[in-house]
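Novice: Input: one structure, supplied below.
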Amino acid sequence: MILIDEIMELVSSYNLNDITIGVLGGHSALDVCQGAKKYGFKTVAVCQKGRSETYSKYYKTRPNPHEEGKEIGCIDEIIEVEKFADIVNENVQERLRDMNTIFVHNRYFWVYCNFEDIENKFRVPIFGSRELVKKEERDQPKNQYYLLKKAGIRIPKILREGDKEMDEETLKAALDTHFVEEKGGPLIVKVNESIRGYERAFFVITREADYFRIGKEKIEKGEITQEDLDRAVIEEYIIGAQINFNYFYSPLLDELELMGTDTRRQTSLDGFLRLDAKTQTDLLEAGYKPSMVETGHIACTTKESILEKAFKEGEKFVKTLKQELSPGIIGPFALQGAMASLHGKEEFVVFDVSMRIPGSPGTRFTPSTTYLYGEPVSYGDRVAMEIKKALELDRLKDILS
5 MILIDEIMEL VSSYNLNDIT IGVLGGHSAL DVCQGAKKYG FKTVAVCQKG
55 RSETYSKYYK TRPNPHEEGK EIGCIDEIIE VEKFADIVNE NVQERLRDMN
105 TIFVHNRYFW VYCNFEDIEN KFRVPIFGSR ELVKKEERDQ PKNQYYLLKK
155 AGIRIPKILR EGDKEMDEET LKAALDTHFV EEKGGPLIVK VNESIRGYER
205 AFFVITREAD YFRIGKEKIE KGEITQEDLD RAVIEEYIIG AQINFNYFYS
255 PLLDELELMG TDTRRQTSLD GFLRLDAKTQ TDLLEAGYKP SMVETGHIAC
305 TTKESILEKA FKEGEKFVKT LKQELSPGII GPFALQGAMA SLHGKEEFVV
355 FDVSMRIPGS PGTRFTPSTT YLYGEPVSYG DRVAMEIKKA LELDRLKDIL
405 S
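For what it's worth, my numbering labels the leading residue of the sequence shown as 5, then goes sequentially.
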């Protein structure tokens with residue numbers, strides 16, 4: 005792991021009056037770059053060949069054709085690479101350092117690049133902690149499940165953790181106990197896709213036989229592999245209103261902010277649910293199985309009585325991270341789950357954590373930041389605000405890794 009002293013030595017060679025905000029070209033790059041431009045920073049996107057025109061053409065910074073002397077777009081420079089993982093190549097890193105780049109990581113950064121390479125070879129300052137994002141993975145020590153439990157945050161009942169092997173007979177017994185003896189509700193199986201390993205091919209089961217039948221069908225179709233199915237997470241399916249609470253923790257202020265709330269848009273489940281009941285039934289009887297691949301987000305609001313619960317859960321998570329993985333979270337993160345009505349009361353159940361900027365740029369269209377700042381604040385805005393304040397206070401060390 006690159007020590008903070010080495011990163012700060014790099015930063016000490018930077019021209020702090022000419023900082024560039026860097027991103028990988030995907031996920032939340034435009035959101036970050038728009039905020040960076042708003043607060044006076046230059047921007048650079050590292051793009052993969054064949055996927056670069058969003059940044060090199062459509063949102064490239066250029067003169068405003070409608071207003072002389074002003075600009076449109078938010079991407080000042082791009083660095084094109086054969087594949088995203090090439091960001092660790094020394095020539096790419098040199099270009100980033102030459103531009104005095106502070107890199108803002110996102111899910112793409114960790115999906116397409118090797119964790120160890122980013123931790124040990126990427127000698128460019130990162131906003132936030134470069135060690136935490138891998139904790140989203142189920143096979144990591146002190147992963148998100150461990151941290152949520154340690155924080156006392158309600159998570160679904162887990163029948164099988166992704167890093168725990170379980171032979172077929174033991175699994176059958178566990179499923180039988182849940183469905184028959186305990187009369188438990190539906191379970192969701194979270195298995196990695198065979199083609200896009202960073203996405204999961206969720207499927208829901210309501211009895212023991214479903215697991216083996218649906219799993220076999222997906223293997224035969226090439227959607228998943230037996231190896232991935234054998235290590236898939238199996239957990240309680242929470243029947244409730246799905247919601248993601250998106251936060252920002254500022255080490256400079258020692259304060260947690262709620263950036264906004266959103267919910268998932270999933271293919272092909274969303275379209276399936278818009279069909280009438282008879283058509284749904286006919287499709288299911290014909291063998292159609294709706295998939296739950298995340299394709300976007302929808303900004304949504306919550307009633308005010310839920311806000312205090314959301315802040316308390318976020319504060320517990322921040323405190324636990326400080327204790328378990330010092331220095332803890334820096335900047336954006338999200339607790340993703342559902343509001344369920346259990347035992348006569350509303351309860352927020354968390355089934356996923358994002359340890360970096362979430363993928364939804366729509367959080368600004370919920371009122372949370374307006375209540376605090378008097379105007380909507382995007383994640384890109386808030387990241388740029390934090391970097392700018394750290395520069396003013398000479399506290400970059402507190403927000404970089």
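For every residue, glycine included, the Cβ atom is placed at its ideal position computed from N, Cα and C.
Apart from the five residues on each side of it in sequence, which residues of its chain come closer than 7 angstroms, Cβ to Cβ, to Pro294?
Specialist: Residue mapping note: residue 294 aligns to position 290 of the sequence shown, counting from 1. Contacts found: Ser272, Leu273, Phe276.
Novice: List the endpoints of the continuous beta strand (DSSP E) containing Ser254.
Specialist: The sequence position of residue 254 within the sequence shown is 250, counting from 1. Note, Ser254: beta strand (DSSP E), 245-254.
Novice: Mind checking which residues open and close the beta strand (DSSP E) that includes Leu205?
Specialist: Numbered from 1 along the sequence shown, position 201 holds the residue referred to as residue 205. Looking at the sequence shown, residue 205 is not Leu but Ala. It is not in any beta strand (DSSP E) - Ala205 carries neither H nor E in the DSSP assignment.
Novice: Would you call the CB atoms of Arg111 and Gly363 closer than 9 angstroms?
Specialist: As a working mapping, residue 111 is identified with position 107 in the sequence shown. As a working mapping, residue 363 is identified with position 359 in the sequence shown. Yes. Within cutoff.
Novice: Does Tyr375 pass the burial test, meaning 16 or more other C-beta atoms within 10 Å, or should it be called exposed?
Specialist: As a first step, residue 375 must be located in the sequence shown, where it is residue number 371. By the 10 Å Cβ count, Tyr375 comes out exposed.
Novice: Is it buried or exposed, Gln327, if we count other Cβ atoms within 10 angstroms and call 16 or more buried?
Specialist: In the sequence shown, counting from the first residue as 1, residue 327 sits at position 323. It counts as exposed.
Novice: Quick test of the definition: if touching needs 3 or more C-beta pairs under 8 angstroms, does the region 147-166 touch the region 204-211?
Specialist: Contact between the region 147-166 and the region 204-211 is absent, because fewer than three Cβ pairs lie under 8 angstroms.
Novice: Among residues of its own chain, excluding the 5 on either side of Gly166, which ones have a beta-carbon nearer than 7 angstroms to its beta-carbon?
Specialist: Taking the first residue of the sequence shown as position 1, residue 166 is located at position 162. The answer, listed in chain order, is Arg142, Asp143, Arg235, Ala236, Val237.
Novice: Taking Cβ positions, are His301 and Arg278 nearer each other than 9 angstroms?
Specialist: Stepping through the sequence shown from its first residue, residue 301 is reached at position 297. Stepping through the sequence shown from its first residue, residue 278 is reached at position 274. Cβ distance not < 9 angstroms, so His301 and Arg278 don't count as in contact.
Novice: Can you list the alpha helix (DSSP H) stretches of 4 or more residues lying completely in the region 216-289, in chain order?
Specialist: Segments of the alpha helix (DSSP H) lying fully in the region 216-289: 230-234, 273-277, 281-289.
Novice: Quick check on Pro190 - is its C-beta less than 9 angstroms from some C-beta in chain D?
Specialist: Absent here is chain D; the protein component of the structure consists of one chain.
Novice: Along the chain, where does the alpha helix (DSSP H) that runs through Met343 open and close?
Specialist: Taking the first residue of the sequence shown as 1, we reach residue 343 at position 339. Unbroken run through Met343 is the beta strand (DSSP E), 335-346; no alpha helix (DSSP H).
Novice: Classify Asn93: buried if its beta carbon has 16 or more other beta carbons within 10 angstroms, exposed otherwise.
Specialist: To locate residue 93, count along the sequence shown from 1; it is residue 89. Exposed, since its Cβ has fewer than 16 Cβ neighbours within 10 Å.
Novice: Hey, could you find the ends of the beta strand (DSSP E) Ser358 is sitting in?
Specialist: Within the sequence shown, residue 358 is the residue found at index 354, counting from 1. 349-358 is the span of the beta strand (DSSP E), which, as asked, contains Ser358.
Novice: Can you tell me which of the three DSSP states Ile91 falls into?
Specialist: Within the sequence shown, the letter at position 87 stands for residue 91. It is helical.
Novice: Looking at the structure shown, is Arg2 part of a helix, part of a strand, or coil, going by DSSP?
Specialist: With the chain running from 5 to 405 in the structure shown, residue 2 is simply not present.
Novice: Closest to Pro407 by CA distance: which of Val297, Pro160, Glu172 is it?
Specialist: Only positions 5 to 405 of the chain appear in this structure, which leaves residue 407 out of reach.
Novice: Could you tell me the distance, in whole angstroms, from the CA atom of Glu240 to the CA atom of Phe355?
Specialist: Within the sequence shown, numbered from 1, the residue matching residue 240 stands at position 236. Within the sequence shown, numbered from 1, the residue matching residue 355 stands at position 351. Distance between the alpha carbons of Glu240 and Phe355: 9 angstroms.
Novice: On a Cα-Cα basis, can you pick out the residue from Ala342, Gly264, Ala89 that is closest to Glu379?
Specialist: Indexing the sequence shown from 1 puts residue 379 at position 375. Checked all of Ala342, Gly264, Ala89; the closest Cα to Glu379 is Gly264.
Novice: At what residues does the beta strand (DSSP E) containing Lys138 begin and finish?
Specialist: Counting from one through the sequence shown, the residue named residue 138 turns up at place 134. No beta strand (DSSP E) contains Lys138, which DSSP labels as neither H nor E.
Novice: Starting from Phe107, trace the beta strand (DSSP E) in both directions and tell me its first and last residue.
Specialist: In the sequence shown, counting from the first residue as 1, residue 107 sits at position 103. First-last of the beta strand (DSSP E) with Phe107: 105-108.
Novice: Where does Arg399 sit, in a helix, a strand or coil, going by DSSP?
Specialist: Within the sequence shown, the letter at position 395 stands for residue 399. Reduced to three states, the DSSP call for Arg399 is coil.
Novice: Nearest to Asn19 by alpha carbon, out of Gly73, Phe315, Glu75, Arg101?
Specialist: For the purposes of this step, residue 19 is identified with residue 15 of the sequence shown, where counting begins at 1. That would be Arg101, whose Cα lies nearest to the Cα of Asn19.
Novice: Could you spell out the range, first to last residue, of the beta strand (DSSP E) harbouring Glu81?
Specialist: For this step, residue 81 is matched to residue 77 along the sequence shown. Counting along the chain, the beta strand (DSSP E) containing Glu81 begins and ends at 81-85.
Novice: Indicate whether Ser131 and Leu404 have their beta-carbon atoms separated by less than 9 angstroms.
Specialist: Within the sequence shown, numbered from 1, the residue matching residue 131 stands at position 127. Within the sequence shown, numbered from 1, the residue matching residue 404 stands at position 400. Checking the displayed sequence, the identity of residue 131 turns out to be Phe instead of Ser. In this structure, Leu404 lies closer than 9 angstroms to Phe131 by Cβ.
Novice: Out of curiosity, what's the CA-to-CA distance linking Arg217 and Ile223?
Specialist: For the purposes of this step, residue 217 is taken as residue 213 along the sequence shown, with counting starting at 1. For the purposes of this step, residue 223 is taken as residue 219 along the sequence shown, with counting starting at 1. Taking the straight line joining both Cα atoms gives about 10 angstroms.
Novice: What residues match up with Cys51 in a beta bridge as DSSP calls it?
Specialist: By 1-based counting over the sequence shown, the position of residue 51 is 47. BP columns for Cys51 point to Glu84.
Novice: Does DSSP put Leu404 in a helix, a strand or coil?
Specialist: Counting from 1 along the sequence shown, the entry for residue 404 is found at position 400. In the structure shown, Leu404 sits in a strand (DSSP, three-state: E or B).
Novice: Looking only at its own chain, which residues have a Cβ that is under 8 angstroms from the Cβ of Asn68, when we skip the five neighbours before and after it?
Specialist: Within the sequence shown, the letter at position 64 stands for residue 68. Cβ neighbours of Asn68 beyond the five flanking positions: Lys74, Glu75, Ile76.
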